[in-house]
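Only one structure is covered here, and it is reproduced in the block below.
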Amino acid sequence: GEDPYLGRTVGSVRLERSLGQGRSGTVYVGDHVALPSRLAVRILPPPLDPGSGEVERFLEEIRKTAHIIHPTIAQILDADEEDGCPFVVFQLAEGRTLTEILTSKGRLSPETVLRIGRRVALGLEAAQQEEACTETSAP
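Add 2 to the 1-based position in the sequence shown for my numbering, that's all there is to it.
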């Protein structure tokens, strides 16, 4: 079916297209309504049990990680809840995904694997130093 969020404004971001969907929600690309900024927005699905505390836990995780600024971590810019669905707005990381790179290049050289792994490790180290690694951390 049609995505109910496409074309909608969530927070201050008008959603234009979906980047992908996973266990922790759907990520969209959109434009800030008042600023010349392309941003990413992750929207979690509504909790199965509204009284479960899931939304509050999600927003607490965002508060724990929002202050981290590191070149390998997308900076969190906003977080809230709309129509019972929590969302987080963060920097849009332009470029190709690892899946796209592997599809186009095939096997990567050991040097490339080490370079990518090192960047991921540096980002996770920065988060760990801030005691901010969570179950939704995704490189």
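Every residue gets a Cβ at the ideal spot worked out from N, C-alpha and C, and that includes glycine.
Per DSSP, proline 88 is one residue of the beta strand (DSSP E) stretching across 87-93. For the stretch 48-88, the full-length beta strand (DSSP E) segments reaching 3 residues or more read 78-84 along the chain. When the beta-carbon positions are compared, valine 57 and glycine 32 stay at least 9 Å from each other. About 6 Å separates the beta carbon of threonine 74 from that of leucine 124, a gap short enough to meet the 8 Å contact definition. Per DSSP, serine 106 is one residue of the alpha helix (DSSP H) stretching across 100-107.
Annotated three-state conformation of glutamate 132 is coil, per DSSP. Under the 10 Å beta carbon count, valine 122 is surrounded by fewer than 16 other beta carbons and is classified as exposed.
One alpha carbon belongs to alanine 42, the other to alanine 68, and they sit about 14 Å apart.
A straight-line Cα-Cα distance of about 9 Å links leucine 46 and phenylalanine 60.
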